Structures are given as structure tokens and as C-alpha cells.
Amino acid sequence: MTLFWRRIVAWSPAVLVFVWMFGRWQIPRPAWFWIIIPFITFGIGAFALFIKMRRQKTRRHEVAGAFARALASLAATEASLSVPLLLTAIALIGALGNLVESGDVPLLVSILAWLIFTACMMLLLEPPSSPVSISQIGSPPLTKGLILFLSRKPKTPEGQAKWQKLKEETQRLNSNSTPTWDELKKLPELLRQRRGRGGGVTTTLNNWIEALADTPFAPPFYAIAYHYQRLEHLWIAVTEQTKGDELSLFREICQRLKSRFQIHELELKNPDDLPSIQQVINTAYQEAESLGLPESEVTTDITGGSSLMSAGGVLACVRSQRRVQYLNQTTYELQEVPVGVENVAEAIQEFLEQLPILMGKASQGATIGGWFKMLSAVVLNLQPVTPTRLPISHGRFAYAAALELFLRRDATLAKALHEARPYKPFTVSPLLDVQEREGNDFRLYPEQVYTWRLTGLIREVSEHLLNLEPDMGGVRIGDAVFSVVGVAMTAEEHPEAGQDDYTALWERWGKVAPPESITLHFLTPTTFRVGRFEQPFPLPRWVFGSLVTLWDAFAPYPIGQGLKELMEEVIILSNWRGETRRVELGNHRTVGFTGKFTYRLAERLPEVSRLMGMLAEFAFYSGVGWHTAHGMGQTRWVRE
Numbered sequence: 111m112t113l114f115w116r117r118i119v120a121w122s123p124a125v126l127v128f129v130w131m132f133g134r135w136q137i138p139r140p141a142w143f144w145i146i147i148p149f150i151t152f153g154i155g156a157f158a159l160f161i162k163m164r165r166q167k168t169r170r171h172e173v174a175g176a177f178a179r180a181l182a183s184l185a186a187t188e189a190s191l192s193v194p195l196l197l198t199a200i201a202l203i204g205a206l207g208n209l210v211e212s213g214d215v216p217l218l219v220s221i222l223a224w225l226i227f228t229a230c231m232m233l234l235l236e237p238p239s240s241p242v243s244i245s246q247i248g249s250p251p252l253t254k255g256l257i258l259f260l261s262r263k264p265k266t267p268e269g270q271a272k273w274q275k276l277k278e279e280t281q282r283l284n285s286n287s288t289p290t291w292d293e294l295k296k297l298p299e300l301l302r303q304r305r306g307r308g309g310g311v312t313t314t315l316n317n318w319i320e321a322l323a324d325t326p327f328a329p330p331f332y333a334i335a336y337h338y339q340r341l342e343h344l345w346i347a348v349t350e351q352t353k354g355d356e357l358s359l360f361r362e363i364c365q366r367l368k369s370r371f372q373i374h375e376l377e378l379k380n381p382d383d384l385p386s387i388q389q390v391i392n393t394a395y396q397e398a399e400s401l402g403l404p405e406s407e408v409t410t411d412i413t414g415g416s417s418l419m420s421a422g423g424v425l426a427c428v429r430s431q432r433r434v435q436y437l438n439q440t441t442y443e444l445q446e447v448p449v450g451v452e453n454v455a456e457a458i459q460e461f462l463e464q465l466p467i468l469m470g471k472a473s474q475g476a477t478i479g480g481w482f483k484m485l486s487a488v489v490l491n492l493q494p495v496t497p498t499r500l501p502i503s504h505g506r507f508a509y510a511a512a513l514e515l516f517l518r519r520d521a522t523l524a525k526a527l528h529e530a531r532p533y534k535p536f537t538v539s540p541l542l543d544v545q546e547r548e549g550n551d552f553r554l555y556p557e558q559v560y561t562w563r564l565t566g567l568i569r570e571v572s573e574h575l576l577n578l579e580p581d582m583g584g585v586r587i588g589d590a591v592f593s594v595v596g597v598a599m600t601a602e603e604h605p606e607a608g609q610d611d612y613t614a615l616w617e618r619w620g621k622v623a624p625p626e627s628i629t630l631h632f633l634t635p636t637t638f639r640v641g642r643f644e645q646p647f648p649l650p651r652w653v654f655g656s657l658v659t660l661w662d663a664f665a666p667y668p669i670g671q672g673l674k675e676l677m678e679e680v681i682i683l684s685n686w687r688g689e690t691r692r693v694e695l696g697n698h699r700t701v702g703f704t705g706k707f708t709y710r711l712a713e714r715l716p717e718v719s720r721l722m723g724m725l726a727e728f729a730f731y732s733g734v735g736w737h738t739a740h741g742m743g744q745t746r747w748v749r750e
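In terms of my numbering, the sequence shown opens at residue 111 and continues consecutively.
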């Protein structure tokens, strides 16, 4: 169904109901006349739906699932079509309630007919189900549309030489020596032969095919050759880095191979932003609809590009039962990624099971987020110079003191950290181990030593923190002046200190046993900024949503907004004991919670449990919630 007809179907209930109601009020006709019109319309809609179900061989017990898939698909990719249908349904249901009370049976029956007609129209927009079940992984079916990510050309001298050889061999091709797409299907055999896993390749174009096999262009051109028999439209996702030499050579090769398919360019302006990647994929599917290609006739290939692009490709397809494929790097065979899920839990599990495949490409040279990033937690032992007081809510003073430490070494870094929005790549704790209170203040004494904790979430900050020394000079927090008597940088020196990196953390949690539950101890007041207000309670979606957001902001392996939304459906709060505390933030006052809160999954999903564990360990460095650079959100995982 083309986009034009989908719009007709989506808007028809709203338009017809409006015309019917207007005519009923303005045109004098017998009551039976206004009853028969919705039934005739309902009959037409039901007949159209019956024809579609017969063609797709849909069984009666599958209708409810089809209705849910239609609603989810429209909401995820075609909001402009879902809005009129939902508003019409809501208006009809509201009218239905009023008519039940009034007892107007003829009008009640008419509204029911219109409501069923609206449901029929929504089912007509349901995308065709993928014939491949969730558990199956096999060769993908041939489709008329293909979406590819274009990889960057190699940067190493050896890789650049191979790239240049491909360009030269391409220039040598002529009308008599141009390869066929069937010959390109021999690429896997050639690659297996080089790995000692296959026999020889018999072709008259060894030089050009071997040159192609040595470059990142081998997977996309094999994917095209695989689908070429039916391929009509090819979408190429390019970035600022790949729309030059890479795209030019890609088009030249397609031209020399006398390609009959149409090429569409998709500009990916922000390849490090997961929602942007998903939007590009959705744009391709919308263009395909306008060209008369249903989703089942378009395949997304996630072999090329970066690992983040692969993850975005999977997430863009997981809710709509779209087809996804990749080139297995061991067997060099195309395999279909089974993302046609029926519920949220399977979507999470399925995506996480694909991550080792996607991340494997990063170790082979794909770039994700730019630079190596480090996690660090440093504890400073501070001794007051004189007896003094410090407000209990002194997070804003601690933040200013931390910036002053950065300013001593790098004024540019300090300015960048202060202006960082919306998330800061460091956290600052209030003074820890303070016992004596007097009113709204802490009393501090020179004979006692207090601890102050700073963490870094990126390399630049961590390098600065790990170079702190006791002789760096004093520290001023509010009106209190301290001398630094010690700096702890490892867990052996202090349990609140430590060092880690994102890659090691990710890989470590890919191997350990999944935890059954996770208890988080919120040491300092924690709250979540939701819209214009703060929410002082650790609901799972806010706690783990905050951790995913911070991870995605600074880690080289983003988890993504799509997976963040899916996690909200399966993590529950099972036990807690806590309290709320008021926090002064200078010109603003808020309320935060402290205490211990236990989280678990609603059902057994080992990969999601591992992800929860990784995020809980990450919270040691990142904190949770709002104003973590002002002493709030200090969080520890309580391991039993």
C-alpha cells in the first residue's frame, strides 16, 4: 500500500464520522437512514480487511496481535497516521459512554459500527508479518529494497594502498571486462579461501574482485549482488566523512556494473547519535512506502558503517518487524537478524544477544565515538586549618572548589566543564564522614580528617584527577579552608576510590553471571528532573534511565534511547527503605531521597540482568539523577 492510500485509510474514519454527524444534525432524514450508513461503511471496511487477512493467511486468533503491531508500528514510525485514528477512536468511545446512560439504542449501535470500522482501518495499516520466527537465523529472502551503511576508507598505509588498487582496477574495467553481479556472489568463496576455509574461485576477473575483497566495499557489494535479482531501490546512508571519495567510487562501480536499481542517498549528519541513526532508517522506509514497497520488501544491512550505526539499524527495525541482515565475519555468509519480536522483553533480549556481533566490528577498525575514555574516582583527605562551620547543604560550594582545582591546571578545561550541558563529565561529593551538627551547619575541627570524593567520566577529567598530589595546595569549600593530607586513587588505598574504563566494564559484564537483583544505596539526597519539576523517588525508569543517559553521553558503546525505553517495561522496584531530605542549592531549594532500594526483573532475562549490573557498577563513578556535580546522587551498589 502506497503512502497516499495509507493516508486515505488513516483519515477516512475521522472524515466520514464528521460528515455523518454533521448530516444527521442538519439534514432531515428518517432514523433508519442514519443507522444504515455506518453499517454500510463498516461492511466495506470489514470486507477489505477480510481480503487482506486472506492474502496474508492471518488466523482469527492472531487479530489481537496484529492490532497491537499496527498500533506500535504507526506510533513508532508514522505518527501522522496514528493520530487521526486514535483521536477518532477516543471520541467514539467517549460518545459511547454518554449514549449508554441516555439509552439511545439506534445511535449507540451506529457509534459501535463506526468504532469497529475505525479498528478495521487500523488493521489495514498493519505491516505484513515477517515469515521468519524469532528463533530462526538463516539466509535472508531477496527483497526489492536494500538499506546500506557506507564504511570509511582505510586509514593505515596498507589499507590505503589496497583502496588505491581498487580505484585503479575499476578504471581499467571496460565493456568487455565488466564483471556481472553473479560473479560478485563469489566474494564469500574468495574470502573463505584466503582464510583457508574454501576452494578456489574460478572467474575471469580475479584482479578486480580480489581488489574489491581487500576493501570495506566487499560486504555492501556482496549484499547488493545477493539481492540483485529483485533489487529495485538501494538506500545508502553516508556521513560527512563518507560522502566524498567513498561515495564517488561506490557510484562509479555501480555505473560500470550497469546497475538497473535506483540509488537514494541518506545523509547521516550525526553518526554518533543513536536517535539520528534511527531517524535515517525510518526515512528510508517512508520513502519506500511512497514508492510502493511495503516494509517486508526492504532489508536493512548492518554490516557496514560503525557499530553504533549497526545498533541504530537494529533498534529502528525491532518494533516494526522489518528485515535486518549482516555478513557473518566467520563464514562470510549473509544471515538474517531475527528482530520480528512480539513483545518488549524479547526485543531487549534479542538486541543484547546481537551486541557481541555488532561490537566485534569495532575491534576490526570501525569507529564509534572518537576517543578512548576513562573512569576514575579520587578521594582527597582534607584537614581544616582552623575550627569552622560548613552548611549541611554545601554542594554548590564543593562544586566551586572542584572547578578551582581544574582551573589551576587548565583554565580552558575548567571553563568547558562549567559550561557543559546538559550533562557534566564529573561528579563532586559533599564532605563525607562528618558527624557533628549544629543547626543547619556541620562543625569541623583541625584534629579530624574528612574525605572529599571527585570522579571523572572522560579521559581529560580523569587525567587531571589522577595527577592530584598532597602538595598541590589548600582547598576552600565555602568559608572552610583545608590542607590536603592525602590523595587515594585506587580501591586498595580507599574503598571509595578506583579506576576503570568503559571497554573493560562492558566486556567484564559480558562474561559474569547475571545478578538476580540489585540493591542501590543512595548516600546523598537524590532527585530527578522531570520537565520543570524534581521527582524525589527512585522509580526504575528514572534510576536506570539516568544511568543509560549518562552512559550514552560519554561511553564509546552507547546503549541507546530505544533500549532505554524498552528496559522501563521489565525492571521493577521490589523492596526499599529510605527517607527524604531537603537540599539547599543557593537560589533554589529541592527535596531528595536517601536509602537502599532493590530492583529486579519482572521475568528472567539474563542479558538484561547483566546490563543492570553494568549500570549499577557504572553508578559508582557517574552518580544518579540531577546535580551530581553538586553533591547529589552519590550511589553505591550494595553487593550481598
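For every residue, glycine included, the Cβ atom is placed at its ideal position computed from N, Cα and C. Nothing here was measured: the structure is a model prediction, and the numbers come from that model.
- Using a C-beta cut-off of 8 angstroms, the segment 484-496 makes contact with the segment 558-578, since at least three inter-stretch Cβ pairs fall below that distance.
- Distances from the CA of N317 to each of E278, F643, A156 were compared; the closest alpha carbon is that of E278.
- Residue ranges of uninterrupted beta strand (DSSP E) with 3 or more members, entirely inside the segment 696-746 and ordered along the chain, are 699-711.
- Shown here, Q365 sits in a helix according to DSSP, grouped into three states.
- In the DSSP assignment, Q351 falls outside any alpha helix (DSSP H) and carries neither an H nor an E.
- E557 sits in coil when the DSSP states are folded into three classes, being neither helix nor strand.
- Taking C-beta atoms as the reference points, L711 and V718 count as a pair closer than 8 angstroms.
- Rounded to whole angstroms, K674 and L233 show a C-alpha spacing of 28 angstroms.
- For R687, the three-state secondary structure derived from DSSP is strand.
- Residue burial annotation: I200 is exposed, with fewer than 16 other C-beta atoms found within 10 angstroms of its C-beta.
- Pairwise C-beta distances place the segment 530-549 in contact with the segment 506-519, as three or more of them are shorter than 8 angstroms.
- A contact between stretches requires three or more CB pairs, one per stretch, nearer than 8 angstroms, and the segment 547-563 meets this requirement with the segment 491-510.
- R531 is positioned such that its CB atom lies no closer than 8 angstroms to that of L695.
- In the DSSP secondary-structure assignment, L444 is bridged to L437.
- Per DSSP, reduced to three states, the secondary structure at E377 is strand.
- Sixteen is the threshold: since fewer than 16 other Cβ atoms of the shown chains lie within 10 Å of the Cβ of I203, the residue is exposed.
- For G596, the enclosing beta strand (DSSP E) begins and ends at 590-598.
- Assigned with DSSP and collapsed to three states, P501 falls in strand.
- Note: E529 is not bridge-paired with any residue in the DSSP secondary-structure output.
- The DSSP-derived three-state label of G641 is coil.
- Burial check for E407: the Cβ neighbour count within 10 Å reaches 16 or more, so the residue is buried.
- Rounded to whole angstroms, the separation of the alpha carbons of I628 and L660 is 19 angstroms.
- Around the Cβ of L126, a 10 Å sphere holds 16 or more other Cβ atoms; the residue is buried.
- Shown here, R692 sits in a strand according to DSSP, grouped into three states.
- Runs of the alpha helix (DSSP H) lying entirely within the segment 262-288 and spanning at least 4 residues, in chain order: 267-282.
- Annotation: the continuous alpha helix (DSSP H) that includes V571 extends over 569-575.
- Exclusion of the five residues before and after A205 leaves I221 as the residues of its chain whose Cβ lies within less than 6 angstroms of its Cβ.
- W652 and L252 have their C-alpha atoms roughly 42 angstroms apart.
- According to DSSP, residue pairing for V489 in a beta bridge involves R563, A598.
- Following the DSSP letters along the chain, one finds F536 inside the beta strand (DSSP E) bounded by residues 536-538.
- Per DSSP, the beta bridge partners of W345 are I257, H374.
- Of the candidates A321, V591, P666, P666 places its Cα closest to the Cα of A614.
- Within the same chain, K483, P535, L567, I568 come within 7 angstroms of F664 by CB-CB distance, once the 5 residues on both sides are set aside.
- According to the DSSP assignment, G608 belongs to the beta strand (DSSP E) that extends over 608-611.
- Counted as a single uninterrupted DSSP element, the stretch harbouring V495 is not any beta strand (DSSP E), since DSSP gives it neither H nor E.
- Annotation for P635: the continuous beta strand (DSSP E) segment containing it runs 627-636.
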